[in-house]
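Data first, discussion second: the structure below is written as C-alpha coordinates.
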Amino acid sequence: MKNKIIIFILFVLALSIFAEDNRKTLLIYSKGYSTLSNKVEHRLKERLLEMGKYRLVERDLNVLNEVERILSGVANKKGFEFKHLAADYIVYVEVIDAESRRKEDDDGNVWYEYDIEGAYRLIDVETSQILEIKTINAIGSSNVTKFISEDEARENAKNQAIDYLVSSLVYRMNKLFLINANIVNIENNMVLIDAGRNVGIYKGMMFSFAKIYTVNNDIYRKKDGKLIVKDLSENSAILEILVKPKFKIDQTLKVIENPDLSPIRGHITLSGGYVFDGSYLGRIDFIGDNYKGFGFGTYLDFIFDSNKSILTTGITLGYMKDFGRIMPQIGVDLYMSSSFNYDTEYATNIALGVSPNIGVELLLTDNFAVTVNGGYRLETGIEGNYEEINSPFVRVGIDILF
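The opening residue of the sequence shown carries number -8 in my numbering; numbering runs sequentially from there.
Structure below.
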(Lines of atoms letter the chains of each structure in order from A and count residues from 1; the text may use other names and numbers.)
(Lines give C-alpha, C1' and ligand atoms only; values in the text may rest on other atoms or scores of the structure.)
Protein backbone atom coordinates (compact mmCIF):
# COMPACT_ATOMS: atom_id res chain seq x y z
CA MET A 1 0.00 0.00 0.00
CA LYS A 2 2.82 2.37 0.91
CA ASN A 3 4.53 1.72 -2.43
CA LYS A 4 1.30 2.50 -4.32
CA ILE A 5 1.00 5.87 -2.53
CA ILE A 6 4.62 6.73 -3.41
CA ILE A 7 4.05 5.77 -7.05
CA PHE A 8 0.87 7.92 -7.17
CA ILE A 9 2.68 10.95 -5.71
CA LEU A 10 5.52 10.54 -8.24
CA PHE A 11 2.97 10.29 -11.03
CA VAL A 12 1.26 13.53 -9.99
CA LEU A 13 4.63 15.28 -9.73
CA ALA A 14 5.59 14.05 -13.17
CA LEU A 15 2.38 15.41 -14.63
CA SER A 16 3.09 18.80 -13.06
CA ILE A 17 6.69 18.87 -14.33
CA PHE A 18 5.87 17.81 -17.88
CA ALA A 19 2.55 19.65 -18.17
CA GLU A 20 2.26 21.33 -21.55
CA ASP A 21 2.82 25.08 -21.41
CA ASN A 22 0.05 26.62 -23.56
CA ARG A 23 0.80 30.25 -22.80
CA LYS A 24 1.13 32.69 -25.68
CA THR A 25 4.79 33.23 -26.62
CA LEU A 26 5.82 36.81 -27.43
CA LEU A 27 8.80 38.35 -29.17
CA ILE A 28 9.19 42.02 -28.15
CA TYR A 29 10.93 44.74 -30.13
CA SER A 30 11.20 48.47 -29.55
CA LYS A 31 12.36 51.36 -31.70
CA GLY A 32 12.73 55.11 -31.36
CA TYR A 33 14.61 57.22 -28.83
CA SER A 34 17.33 54.70 -28.00
CA THR A 35 17.60 55.11 -24.21
CA LEU A 36 13.88 55.66 -23.72
CA SER A 37 12.79 52.79 -26.00
CA ASN A 38 15.21 50.45 -24.22
CA LYS A 39 13.66 51.43 -20.88
CA VAL A 40 10.15 50.85 -22.24
CA GLU A 41 11.14 47.44 -23.62
CA HIS A 42 12.86 46.40 -20.39
CA ARG A 43 9.93 47.55 -18.22
CA LEU A 44 7.42 45.80 -20.50
CA LYS A 45 9.32 42.51 -20.37
CA GLU A 46 9.67 42.85 -16.60
CA ARG A 47 5.92 43.40 -16.16
CA LEU A 48 4.98 40.50 -18.42
CA LEU A 49 7.35 38.09 -16.65
CA GLU A 50 6.06 39.16 -13.23
CA MET A 51 2.49 38.56 -14.37
CA GLY A 52 3.26 35.10 -15.75
CA LYS A 53 0.57 35.08 -18.42
CA TYR A 54 3.00 34.99 -21.35
CA ARG A 55 6.31 33.44 -22.33
CA LEU A 56 9.04 35.64 -23.81
CA VAL A 57 11.76 34.67 -26.28
CA GLU A 58 14.96 36.50 -27.17
CA ARG A 59 15.03 39.08 -29.96
CA ASP A 60 16.98 38.65 -33.19
CA LEU A 61 18.29 41.43 -35.46
CA ASN A 62 17.29 39.65 -38.67
CA VAL A 63 13.72 39.32 -37.41
CA LEU A 64 13.65 43.00 -36.43
CA ASN A 65 14.71 43.98 -39.95
CA GLU A 66 11.96 41.81 -41.41
CA VAL A 67 9.36 43.31 -39.04
CA GLU A 68 10.28 46.78 -40.27
CA ARG A 69 9.93 45.61 -43.89
CA ILE A 70 6.41 44.34 -43.19
CA LEU A 71 5.39 47.53 -41.41
CA SER A 72 6.64 49.57 -44.39
CA GLY A 73 4.57 47.44 -46.79
CA VAL A 74 7.43 45.39 -48.24
CA ALA A 75 6.78 41.66 -48.71
CA ASN A 76 8.80 39.01 -46.91
CA LYS A 77 12.24 38.22 -48.18
CA LYS A 78 12.56 35.00 -50.12
CA GLY A 79 13.25 32.12 -47.79
CA PHE A 80 12.33 34.03 -44.61
CA GLU A 81 9.23 32.80 -42.81
CA PHE A 82 8.00 34.11 -39.45
CA LYS A 83 6.23 30.84 -38.73
CA HIS A 84 9.61 29.19 -38.12
CA LEU A 85 10.17 31.44 -35.12
CA ALA A 86 9.68 30.06 -31.61
CA ALA A 87 6.97 32.66 -30.94
CA ASP A 88 3.24 33.11 -31.54
CA TYR A 89 3.21 36.92 -31.82
CA ILE A 90 5.62 39.80 -32.28
CA VAL A 91 4.98 42.89 -30.13
CA TYR A 92 6.49 45.95 -31.82
CA VAL A 93 6.67 49.15 -29.76
CA GLU A 94 7.92 52.42 -31.25
CA VAL A 95 8.56 55.60 -29.25
CA ILE A 96 7.47 58.22 -31.78
CA ASP A 97 8.01 61.34 -29.68
CA ALA A 98 8.94 62.38 -26.15
CA GLU A 99 9.00 65.76 -24.45
CA SER A 100 9.91 67.08 -20.99
CA ARG A 101 8.37 70.34 -19.72
CA ARG A 102 9.22 72.44 -16.68
CA LYS A 103 6.25 74.31 -15.21
CA GLU A 104 5.92 76.92 -12.49
CA ASP A 105 2.87 78.68 -11.01
CA ASP A 106 2.47 82.16 -9.53
CA ASP A 107 3.36 80.92 -6.04
CA GLY A 108 6.72 79.57 -7.19
CA ASN A 109 5.75 75.88 -7.13
CA VAL A 110 7.74 73.95 -9.75
CA TRP A 111 6.94 70.63 -11.36
CA TYR A 112 7.92 68.60 -14.42
CA GLU A 113 5.71 66.89 -16.97
CA TYR A 114 6.91 64.21 -19.36
CA ASP A 115 4.97 63.11 -22.46
CA ILE A 116 5.59 59.96 -24.48
CA GLU A 117 3.83 59.15 -27.74
CA GLY A 118 4.10 55.45 -28.43
CA ALA A 119 2.87 53.20 -31.24
CA TYR A 120 2.08 49.54 -30.64
CA ARG A 121 1.64 46.84 -33.27
CA LEU A 122 0.89 43.16 -32.83
CA ILE A 123 1.99 40.77 -35.60
CA ASP A 124 0.79 37.19 -35.98
CA VAL A 125 3.85 35.03 -36.58
CA GLU A 126 1.87 32.33 -38.41
CA THR A 127 0.37 34.67 -41.05
CA SER A 128 2.69 37.74 -40.83
CA GLN A 129 -0.46 39.85 -40.51
CA ILE A 130 -0.71 42.95 -38.34
CA LEU A 131 -3.55 42.13 -35.93
CA GLU A 132 -3.69 45.40 -33.99
CA ILE A 133 -2.35 48.94 -34.25
CA LYS A 134 -2.69 51.40 -31.39
CA THR A 135 -1.23 54.82 -30.61
CA ILE A 136 -0.83 55.52 -26.89
CA ASN A 137 -0.11 58.89 -25.29
CA ALA A 138 1.41 58.60 -21.81
CA ILE A 139 2.11 61.45 -19.41
CA GLY A 140 3.83 61.66 -16.04
CA SER A 141 4.36 64.53 -13.60
CA SER A 142 6.39 65.16 -10.43
CA ASN A 143 6.73 68.14 -8.10
CA VAL A 144 10.00 69.75 -7.03
CA THR A 145 10.20 69.92 -3.22
CA LYS A 146 12.86 70.44 -0.61
CA PHE A 147 13.34 66.66 -0.66
CA ILE A 148 13.14 66.22 -4.48
CA SER A 149 15.53 68.09 -6.77
CA GLU A 150 14.68 69.24 -10.28
CA ASP A 151 16.69 66.40 -11.82
CA GLU A 152 14.90 63.86 -9.63
CA ALA A 153 11.49 65.37 -10.44
CA ARG A 154 12.25 65.21 -14.17
CA GLU A 155 13.31 61.55 -13.87
CA ASN A 156 10.26 60.69 -11.73
CA ALA A 157 7.97 62.24 -14.35
CA LYS A 158 9.67 60.19 -17.08
CA ASN A 159 9.31 56.95 -15.08
CA GLN A 160 5.61 57.68 -14.46
CA ALA A 161 5.06 58.13 -18.19
CA ILE A 162 6.91 54.88 -18.95
CA ASP A 163 4.83 53.00 -16.35
CA TYR A 164 1.61 54.39 -17.85
CA LEU A 165 2.69 53.38 -21.36
CA VAL A 166 3.66 49.87 -20.23
CA SER A 167 0.40 49.43 -18.27
CA SER A 168 -1.57 50.45 -21.37
CA LEU A 169 0.35 47.96 -23.53
CA VAL A 170 -0.22 45.11 -21.06
CA TYR A 171 -3.93 45.99 -20.85
CA ARG A 172 -4.25 45.92 -24.66
CA MET A 173 -2.61 42.48 -24.85
CA ASN A 174 -4.68 41.09 -22.00
CA LYS A 175 -7.86 42.26 -23.73
CA LEU A 176 -6.80 40.57 -26.94
CA PHE A 177 -5.72 37.24 -25.40
CA LEU A 178 -8.56 36.46 -23.01
CA ILE A 179 -8.29 33.15 -21.14
CA ASN A 180 -11.39 30.98 -20.78
CA ALA A 181 -11.88 27.70 -18.95
CA ASN A 182 -14.46 25.09 -18.01
CA ILE A 183 -15.94 24.76 -14.53
CA VAL A 184 -15.08 21.44 -12.89
CA ASN A 185 -16.75 21.91 -9.50
CA ILE A 186 -18.62 24.52 -7.46
CA GLU A 187 -18.58 24.44 -3.67
CA ASN A 188 -19.91 27.24 -1.48
CA ASN A 189 -18.30 30.40 -2.87
CA MET A 190 -15.43 28.66 -4.65
CA VAL A 191 -15.16 27.50 -8.27
CA LEU A 192 -12.64 24.94 -9.56
CA ILE A 193 -11.64 25.32 -13.23
CA ASP A 194 -9.62 23.13 -15.60
CA ALA A 195 -6.84 25.62 -16.38
CA GLY A 196 -3.93 27.05 -14.41
CA ARG A 197 -0.40 28.27 -14.96
CA ASN A 198 -0.24 26.23 -18.17
CA VAL A 199 -2.39 28.83 -19.96
CA GLY A 200 -1.12 31.90 -18.09
CA ILE A 201 -3.50 32.24 -15.15
CA TYR A 202 -2.01 34.01 -12.12
CA LYS A 203 -3.19 34.89 -8.62
CA GLY A 204 -5.43 37.95 -8.58
CA MET A 205 -6.58 37.56 -12.21
CA MET A 206 -10.22 38.62 -12.63
CA PHE A 207 -12.86 36.50 -14.39
CA SER A 208 -16.54 36.67 -15.29
CA PHE A 209 -19.03 33.85 -15.71
CA ALA A 210 -19.91 33.20 -19.36
CA LYS A 211 -23.12 31.63 -20.59
CA ILE A 212 -22.88 30.30 -24.14
CA TYR A 213 -25.79 30.55 -26.61
CA THR A 214 -25.91 29.06 -30.11
CA VAL A 215 -28.28 30.70 -32.60
CA ASN A 216 -28.28 29.52 -36.24
CA ASN A 217 -24.75 28.15 -35.78
CA ASP A 218 -23.56 31.49 -34.42
CA ILE A 219 -22.13 31.46 -30.91
CA TYR A 220 -23.01 34.23 -28.46
CA ARG A 221 -21.59 34.73 -24.99
CA LYS A 222 -23.31 36.49 -22.09
CA LYS A 223 -20.95 37.62 -19.32
CA ASP A 224 -21.86 38.51 -15.76
CA GLY A 225 -20.58 38.25 -12.20
CA LYS A 226 -17.08 38.65 -10.83
CA LEU A 227 -14.48 36.07 -9.73
CA ILE A 228 -10.88 36.34 -8.56
CA VAL A 229 -8.14 33.68 -8.67
CA LYS A 230 -7.25 32.65 -5.11
CA ASP A 231 -5.08 29.58 -5.70
CA LEU A 232 -3.73 27.65 -8.66
CA SER A 233 -1.53 24.83 -9.88
CA GLU A 234 -0.18 23.93 -13.32
CA ASN A 235 -3.48 22.66 -14.74
CA SER A 236 -6.21 23.98 -12.44
CA ALA A 237 -7.20 27.02 -10.39
CA ILE A 238 -9.61 27.95 -7.61
CA LEU A 239 -11.65 31.12 -8.11
CA GLU A 240 -13.61 32.95 -5.42
CA ILE A 241 -17.00 34.40 -6.38
CA LEU A 242 -17.11 38.11 -5.49
CA VAL A 243 -20.33 38.93 -7.36
CA LYS A 244 -22.83 36.28 -8.44
CA PRO A 245 -24.25 36.48 -11.98
CA LYS A 246 -27.92 37.07 -12.67
CA PHE A 247 -28.20 33.66 -14.32
CA LYS A 248 -27.99 30.32 -12.49
CA ILE A 249 -24.50 29.08 -11.59
CA ASP A 250 -23.80 25.51 -12.72
CA GLN A 251 -21.10 23.48 -14.45
CA THR A 252 -22.50 24.22 -17.92
CA LEU A 253 -21.08 27.74 -17.60
CA LYS A 254 -17.56 28.79 -18.51
CA VAL A 255 -15.39 31.46 -16.96
CA ILE A 256 -13.60 34.08 -19.06
CA GLU A 257 -10.85 36.54 -18.11
CA ASN A 258 -12.08 40.12 -17.70
CA PRO A 259 -9.27 42.72 -17.35
CA ASP A 260 -11.85 45.49 -16.88
CA LEU A 261 -12.88 44.16 -13.47
CA SER A 262 -11.38 45.14 -10.12
CA PRO A 263 -11.31 43.22 -6.81
CA ILE A 264 -12.34 46.49 -5.13
CA ARG A 265 -15.91 47.80 -5.33
CA GLY A 266 -16.15 51.58 -5.49
CA HIS A 267 -18.75 53.82 -3.82
CA ILE A 268 -19.63 57.48 -4.27
CA THR A 269 -22.03 58.42 -1.49
CA LEU A 270 -23.95 61.71 -1.29
CA SER A 271 -25.77 62.39 1.98
CA GLY A 272 -27.20 65.10 4.15
CA GLY A 273 -28.43 65.24 7.71
CA TYR A 274 -28.82 66.91 11.07
CA VAL A 275 -26.39 67.37 13.96
CA PHE A 276 -28.17 67.51 17.30
CA ASP A 277 -26.47 70.73 18.33
CA GLY A 278 -28.84 72.54 15.96
CA SER A 279 -26.74 72.48 12.75
CA TYR A 280 -27.04 70.74 9.39
CA LEU A 281 -24.55 68.77 7.32
CA GLY A 282 -23.83 67.74 3.76
CA ARG A 283 -21.30 65.05 2.90
CA ILE A 284 -19.61 63.22 -0.02
CA ASP A 285 -17.71 59.92 0.44
CA PHE A 286 -15.27 58.15 -1.88
CA ILE A 287 -15.05 54.59 -0.58
CA GLY A 288 -13.80 51.19 -1.69
CA ASP A 289 -14.56 47.78 -0.21
CA ASN A 290 -13.12 44.32 -0.84
CA TYR A 291 -16.48 42.44 -0.88
CA LYS A 292 -15.52 40.74 2.40
CA GLY A 293 -16.44 43.47 4.85
CA PHE A 294 -13.46 45.83 4.88
CA GLY A 295 -14.29 49.34 3.69
CA PHE A 296 -11.95 52.31 3.44
CA GLY A 297 -11.98 55.77 1.88
CA THR A 298 -11.98 59.51 2.30
CA TYR A 299 -14.71 62.13 2.62
CA LEU A 300 -15.63 65.80 2.85
CA ASP A 301 -18.51 67.25 4.81
CA PHE A 302 -19.84 70.72 5.45
CA ILE A 303 -21.61 71.68 8.70
CA PHE A 304 -23.50 74.93 8.95
CA ASP A 305 -26.11 76.93 10.84
CA SER A 306 -26.75 80.62 11.41
CA ASN A 307 -23.63 80.97 13.59
CA LYS A 308 -20.99 78.70 12.04
CA SER A 309 -19.61 77.14 8.87
CA ILE A 310 -17.24 74.15 9.24
CA LEU A 311 -15.44 72.06 6.65
CA THR A 312 -14.34 68.54 7.62
CA THR A 313 -12.01 66.21 5.74
CA GLY A 314 -10.94 62.78 6.90
CA ILE A 315 -10.64 59.05 6.35
CA THR A 316 -13.28 56.44 7.04
CA LEU A 317 -12.73 52.79 8.00
CA GLY A 318 -15.33 50.17 8.68
CA TYR A 319 -17.26 47.02 8.01
CA MET A 320 -19.65 46.96 5.05
CA LYS A 321 -20.83 43.67 3.55
CA ASP A 322 -23.95 42.98 1.54
CA PHE A 323 -26.31 40.22 2.59
CA GLY A 324 -28.62 40.03 -0.40
CA ARG A 325 -30.01 43.55 -0.80
CA ILE A 326 -29.11 44.69 2.72
CA MET A 327 -25.65 46.09 3.52
CA PRO A 328 -25.07 46.84 7.24
CA GLN A 329 -22.25 49.25 8.09
CA ILE A 330 -20.28 50.02 11.21
CA GLY A 331 -17.15 52.13 11.28
CA VAL A 332 -15.22 55.13 12.45
CA ASP A 333 -14.18 58.45 10.89
CA LEU A 334 -10.89 60.15 11.75
CA TYR A 335 -10.94 63.77 10.66
CA MET A 336 -9.79 67.37 10.87
CA SER A 337 -12.28 70.26 10.96
CA SER A 338 -11.73 73.91 10.13
CA SER A 339 -14.07 76.78 10.93
CA PHE A 340 -14.70 79.49 8.35
CA ASN A 341 -15.79 81.99 11.00
CA TYR A 342 -13.80 85.21 10.86
CA ASP A 343 -11.57 85.63 13.91
CA THR A 344 -9.49 88.78 14.44
CA GLU A 345 -7.16 87.02 16.90
CA TYR A 346 -6.51 83.70 15.11
CA ALA A 347 -5.88 83.05 11.41
CA THR A 348 -7.23 79.48 11.61
CA ASN A 349 -9.59 77.56 13.88
CA ILE A 350 -8.91 73.83 13.70
CA ALA A 351 -9.97 70.68 15.56
CA LEU A 352 -9.24 66.97 15.36
CA GLY A 353 -12.02 64.48 15.81
CA VAL A 354 -13.20 60.88 15.82
CA SER A 355 -16.69 59.76 14.94
CA PRO A 356 -17.97 56.20 15.52
CA ASN A 357 -21.02 55.46 13.37
CA ILE A 358 -23.44 52.75 12.35
CA GLY A 359 -25.82 52.47 9.43
CA VAL A 360 -27.42 50.36 6.74
CA GLU A 361 -27.82 50.46 2.96
CA LEU A 362 -30.71 49.13 0.90
CA LEU A 363 -29.48 48.06 -2.55
CA LEU A 364 -32.24 48.91 -5.03
CA THR A 365 -30.06 47.71 -7.95
CA ASP A 366 -26.52 46.38 -8.26
CA ASN A 367 -25.29 49.95 -8.73
CA PHE A 368 -27.63 52.11 -6.65
CA ALA A 369 -28.59 52.16 -2.97
CA VAL A 370 -30.19 54.37 -0.34
CA THR A 371 -28.36 54.73 2.96
CA VAL A 372 -29.16 55.74 6.55
CA ASN A 373 -26.37 56.42 9.04
CA GLY A 374 -25.97 57.81 12.53
CA GLY A 375 -23.13 58.39 14.96
CA TYR A 376 -21.41 60.75 17.36
CA ARG A 377 -18.83 63.50 16.74
CA LEU A 378 -16.07 63.81 19.36
CA GLU A 379 -13.78 66.79 18.78
CA THR A 380 -10.79 68.52 20.38
CA GLY A 381 -9.74 72.00 19.33
CA ILE A 382 -6.01 72.29 18.55
CA GLU A 383 -5.77 75.83 17.19
CA GLY A 384 -7.72 79.08 17.50
CA ASN A 385 -11.14 79.49 19.04
CA TYR A 386 -12.74 76.48 17.41
CA GLU A 387 -16.16 75.67 18.91
CA GLU A 388 -16.04 71.93 19.46
CA ILE A 389 -18.96 69.77 18.35
CA ASN A 390 -19.61 66.87 20.71
CA SER A 391 -23.00 65.72 19.60
CA PRO A 392 -24.86 62.88 17.86
CA PHE A 393 -25.93 63.15 14.22
CA VAL A 394 -28.05 61.35 11.65
CA ARG A 395 -27.85 61.45 7.86
CA VAL A 396 -29.56 59.89 4.83
CA GLY A 397 -28.36 59.69 1.25
CA ILE A 398 -27.70 57.69 -1.90
CA ASP A 399 -24.80 55.42 -2.82
CA ILE A 400 -23.58 54.86 -6.38
CA LEU A 401 -21.64 51.58 -6.65
CA PHE A 402 -19.25 50.63 -9.46
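Don't be surprised by glycine CBs; every beta carbon is placed ideally from N, CA and C.
Contact set for residue i: own chain, Cβ-Cβ below 8 angstroms, skip 5 residues either direction
i, result
"Lys15", "Lys44, Tyr45, Arg46, Asp79, Tyr80, Phe168 and Gly191"
"Ser28", "Ser21, Lys22, Val84, Glu85 and Val86"
"Ser227", "Val175, Leu183, Ile184, Asp185, Ala186 and Gly187"
"Leu223", "Gly187, Arg188, Ile192, Tyr193, Lys194 and Ile229"
"Glu11", "Asn189"
"Val206", "none"
"Lys36", "Ile19 and Leu47"
"Ile219", "Gly195, Met196, Met197, Phe198, Leu230, Glu231, Leu233 and Pro254"
"Gly279", "Ile255, Arg256, Gly257, His258, Gly286, Phe287 and Gly288"
One or two residues paired with residue i in a DSSP bridge
i, result
"Pro347", "Val323"
"Asp390", "Thr260 and Ala360"
"Lys15", "Tyr45"
"Gly279", "Gly257 and Phe287"
"Lys22", "Glu85"
"Pro236", "Pro236 is not bridged to any residue."
"Val101", "Glu95"
"Asp215", "Phe200"
"Phe267", "DSSP lists no partner for Phe267."
"Tyr80", "Leu17 and Asp115"
"Asp251", "Its beta-bridge partners do not exist; DSSP assigns none."
"Asp209", "Val206"
"Met318", "Glu352"
"Ala152", "The partner list for Ala152 (beta bridge, DSSP) is empty, contrary to what the question assumes."
"Met181", "Glu178 and Glu231"
"Glu374", "Ile341"
C-alpha distance - residue i paired with residue j, whole-angstrom precision
i, j, result
"Phe287", "Ser270", "27 angstroms"
"Leu252", "Gly372", "43 angstroms"
"Glu141", "Trp102", "8 angstroms"
"Phe200", "Gly216", "6 angstroms"
"Val323", "Ile306", "9 angstroms"
"Asn100", "Arg188", "49 angstroms"
"Gly388", "Gln151", "37 angstroms"
"Ser328", "Gln320", "23 angstroms"
"Lys213", "Tyr193", "24 angstroms"
"Glu146", "Ile139", "10 angstroms"
"Ile259", "Val116", "46 angstroms"
"Tyr326", "Ser297", "23 angstroms"
"Asn281", "Val363", "21 angstroms"
"Glu378", "Lys299", "9 angstroms"
"Leu308", "Asn208", "52 angstroms"
"Asn13", "Asp241", "26 angstroms"
"Arg112", "Ser25", "18 angstroms"
"Arg93", "Met42", "35 angstroms"
"Asn376", "Thr289", "26 angstroms"
"Tyr265", "Asp96", "40 angstroms"
"Phe428", "Tyr310", "Because the chain here runs from -8 to 393, residue 428 falls outside it and cannot be looked at."
"Leu160", "Leu40", "14 angstroms"
"Ile380", "Gly344", "9 angstroms"
"Glu225", "Tyr162", "24 angstroms"
"Ser91", "Ser158", "20 angstroms"
"Asn173", "Glu123", "28 angstroms"
Neighbourhood of residue i by C-beta distance below 6 angstroms, restricted to the same chain and skipping five residues each side
i, result
"Phe267", "Ser382 and Pro383"
"Lys312", "Gly284"
"Lys149", "Tyr105"
"Leu291", "Ile275 and Thr304"
"Ile114", "Ile81 and Ile121"
"Lys68", "The predicted model places Lys68 with a pLDDT of 47, which falls under 50 and marks its position as unreliable, so this point remains unresolved."
"Gly70", "With a pLDDT of only 49 at Gly70, under 50, the local geometry of the prediction cannot be trusted, and no value is derived from it."
"Lys221", "Ile229 and Glu231"
"Gly273", "Gly263 and Phe293"
"Tyr155", "Ala129"
"Ala89", "Tyr24, Leu27 and Ile107"
Integer Cβ distance of residue i from residue j, believed to fall under 8 angstroms
i, j, result
"Arg368", "Gly263", "Not confirmed; about 15 angstroms, so no contact."
"Leu233", "Pro250", "Going by Cβ atoms, the distance from Leu233 to Pro250 rounds to 15 angstroms, so no, they are not a contact pair."
"Met318", "Val351", "7 angstroms"
"Phe314", "Asn358", "18 angstroms between Cβ atoms; not a contact."
"Ala110", "Thr136", "Going by Cβ atoms, the distance from Ala110 to Thr136 rounds to 34 angstroms, so no, they are not a contact pair."
"Arg34", "Ile153", "6 angstroms"
"Ile247", "Asn165", "Not confirmed; about 12 angstroms, so no contact."
"Phe331", "Leu302", "7 angstroms"
"Ile341", "Glu370", "Not quite, the Cβ-Cβ distance comes to about 10 angstroms (not below 8 angstroms), so this is no contact."
Close-in-space but distant-in-sequence residues of the same chain around residue i (CB under 7 angstroms, 5 per side omitted)
i, result
"Glu32", "Ile19, Ser21 and Val84"
"Val48", "Thr16, Leu18, Ala77 and Ala78"
"Lys30", "Ile153"
"Leu353", "Arg316, Ile317, Ala360 and Val361"
"Ile203", "Ile210, Arg212 and Lys245"
"Asp390", "His258, Thr260, Glu352, Ala360 and Thr362"
Would the segment 168 to 179 count as touching the segment 119 to 132 if we require 3 or more Cβ pairs under 8 angstroms? no
Counting beta carbon pairs with one atom in the segment 235 to 250 and one in the segment 340 to 356, are three or more of them shorter than 8 angstroms? no
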